[in-house]
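Down below is the structure, laid out as structure tokens.
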Amino acid sequence: MIFTDKKLPLIWDKMERGDRLDIDDGRALFDSPDLLGVGWLADQVRQKRHGRRATFVFNRQINPTNICVLSCKFCDYATKEGKPNAYVLSEKDILDRLSPELREVHIVGGLYSKWSFDDYLNVLRVIRKAYPHIQLKAYTAVEIDYFARKEKISIREVLQRLKDEGLVCLPGGGAEIFSERVRKALFPFKIGWSKWSEVHRTAHELGIRSNATMLYGHIETIDERLDHMMKLRGPARRNRRVFVVHSAGVSTRPNGDCGTTDLFHRRSQNHRCLASSVGQFRPHQILLGHRGRGNMFHGAPLRRGRCGWDHFGRAHYARGQGGDPRGDGPGPVGADYSGSGVYSRGTGCAL
1241 MIFTDKKLPL IWDKMERGDR LDIDDGRALF DSPDLLGVGW LADQVRQKRH GRRATFVFNR
1301 QINPTNICVL SCKFCDYATK EGKPNAYVLS EKDILDRLSP ELREVHIVGG LYSKWSFDDY
1361 LNVLRVIRKA YPHIQLKAYT AVEIDYFARK EKISIREVLQ RLKDEGLVCL PGGGAEIFSE
1421 RVRKALFPFK IGWSKWSEVH RTAHELGIRS NATMLYGHIE TIDERLDHMM KLRGPARRNR
1481 RVFVVHSAGV STRPNGDCGT TDLFHRRSQN HRCLASSVGQ FRPHQILLGH RGRGNMFHGA
1541 PLRRGRCGWD HFGRAHYARG QGGDPRGDGP GPVGADYSGS GVYSRGTGCA L
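Numbering of the sequence shown is given in the working numbering, commencing with residue 1241 and proceeding in unit increments.
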């Protein structure tokens, strides 16, 4: 590879030796004018881990309610009880959104004060009874912490009871950006890195796999993005149950635009190079749309093949553009996070 940025060969030398990149390397990757060169570096990490495979998942997102006790400043989804847009899904509503060809259900929603922990458990029971073959990915660390505090039980007990109802892995939501500055400014009543990592660490101890999310494009700095990824690569190196980092753009711009294609690619490339211990990176197509698909060729071998009923994405996108950002083409059905090209029982959410 011929680099046009003289800093990239030095970074490539470190990567070839197996040395961990530091925050200065991360800054250099973000600032590099050689977008193709950085993409090539990211692709070397991807190919080393996954070869020529690109995996897909055919899933459905279920958001049981948008009523939430929190009021995060960036959230266009949550509302309060009594508002015209407030809803709570019934068991029939949930099952009406599912179909036999699905291989995963992703369940996240509001923190509804009138629901007990058993009501949230019942969502899993209903789905598992009707579709026992579907993998259940449910409830973020924010929700797990809320259940534990509301029921006055331990995080471990919450996770064990969820696992007993069929939980395979945790989604990555609630991570947002692991910056106390950002947390205090945008979601001061939400958990931070310490509690989020405790929930995921406990899940791993129970054999539950997990994901992580980075929500970017708001008030965070490049250094805060880099710090976020460097925090994640430690647990990923210690425990092979941290595998998938989902990246989603969010914006406070009036038109709802999450940024440029260059930003999408640069962010994906940088994180694939910086956190090589993380198993997979997946751009969230529901928020990135068609223009973000090039991430697959820049270090992100995993992309959600087809997803419906994402109320979070629709709410954010509708505020700015009044439309539906979902792509219209399914990925090849028959591949999941295992990367094997076939559905495999109990593989959960990652390699």
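Note that the Cβ used here is the ideal one computed from N, Cα and C, for glycine as well. Since the model is a prediction, treat every value here as computed from it, not as a measurement.
Cβ contact (3+ pairs, closer than 8 Å) linking the stretch 1441–1459 and the stretch 1411–1418: yes
L1248 vs G1277 beta-carbon contact at 8 Å: yes
The stretch 1287–1304 in contact with the stretch 1428–1440 per 3-pair CB rule at 8 Å: no
Contact set for I1462: own chain, Cβ-Cβ below 6 Å, skip 5 residues either direction: F1270
Distance CB(L1202)-CB(L1361) smaller than 8 Å: Nothing can be reported for residue 1202: it is not among the residues displayed for the chain, which extend from 1241 to 1591.
Terminal residues of the alpha helix (DSSP H) in which S1437 lies: W1433 to E1445
The stretch 1365–1373 touching the stretch 1313–1323, judged by at least three CB pairs closer than 8 Å: no
Touch test, the stretch 1372–1390 against the stretch 1331–1349, Cβ-Cβ under 8 Å, three pairs minimum: yes
C1312 vs G1350 beta-carbon contact at 8 Å: no
Option nearest V1328 by Cα separation, candidates D1316, C1315, L1338 and W1355: W1355
Classification of P1340 by the beta-carbon crowding that lies within 10 angstroms, buried from 16 upward: exposed
Counted within 10 angstroms of its Cβ, other Cβ atoms place L1426 as buried (16 or more) or exposed: buried
Coarse secondary structure for I1462, derived from DSSP in three states: helix
Sequence-distant residues of its chain with Cβ nearer than 7 Å to S1353 (five each side left out): V1309
Buried versus exposed, by CB contacts within 10 Å (16 or more), C1498: With a pLDDT of only 42 at C1498, under the threshold of 50, the placement of this residue in the model should not be trusted; the figure read from the coordinates follows. Buried.
Rounded Cβ spacing between G1414 and A1381 (contact assumed at less than 8 Å): 5 Å
Other residues of its chain near F1243: CB distance less than 7 Å, five sequence neighbours each side excluded: P1249, D1274 and G1277
Alpha-carbon spacing of M1255 relative to R1473, whole angstroms: 15 Å
Residue burial classification, M1241 (beta-carbon count within 10 angstroms, cutoff 16): exposed
Cβ distance (whole Å) where F1357 is taken to contact E1391 below 8 Å: 5 Å
Among D1283, D1262, K1332 and A1268, nearest to D1245 - alpha-carbon criterion: A1268
Residue range of the alpha helix (DSSP H) that includes F1357: F1357 to A1370
Boundaries (first-last residue) of the beta strand (DSSP E) holding K1377: Q1375 to A1378
H1468 vs F1314 beta-carbon contact at 8 Å: no
3-residue-minimum beta strand (DSSP E) runs that sit fully inside the stretch 1307–1350, ordered along the chain: 1344–1347
Contacts around S1394, its chain only, beta-carbon distance under 7 Å, and the 5 residues preceding and following it disregarded: A1388
Local Cβ density within 10 Å of R1465, reported as buried at 16 or more and exposed below that: buried
Simplified DSSP assignment, three categories, for F1427: coil
Beta bridge counterpart(s) of S1272 as assigned by DSSP: In DSSP, S1272 forms no bridge with anything.
Option nearest E1383 by Cα separation, candidates T1305, D1283 and S1330: T1305
According to DSSP, residues forming a beta bridge with L1407: L1376
Residue span of the alpha helix (DSSP H) that contains S1387, given as start and end: One detail in the question is off: residue 1387 reads as Phe in this sequence, not Ser. Taken as a continuous stretch (DSSP letters only), the alpha helix (DSSP H) holding F1387 covers A1381 to E1391.
Where R1449 falls: helix, strand or coil (DSSP): strand
Assigned secondary structure, I1417 (DSSP; H/G/I helix, E/B strand, else coil): coil
Other residues of its chain near F1429: CB distance less than 6 Å, five sequence neighbours each side excluded: L1310
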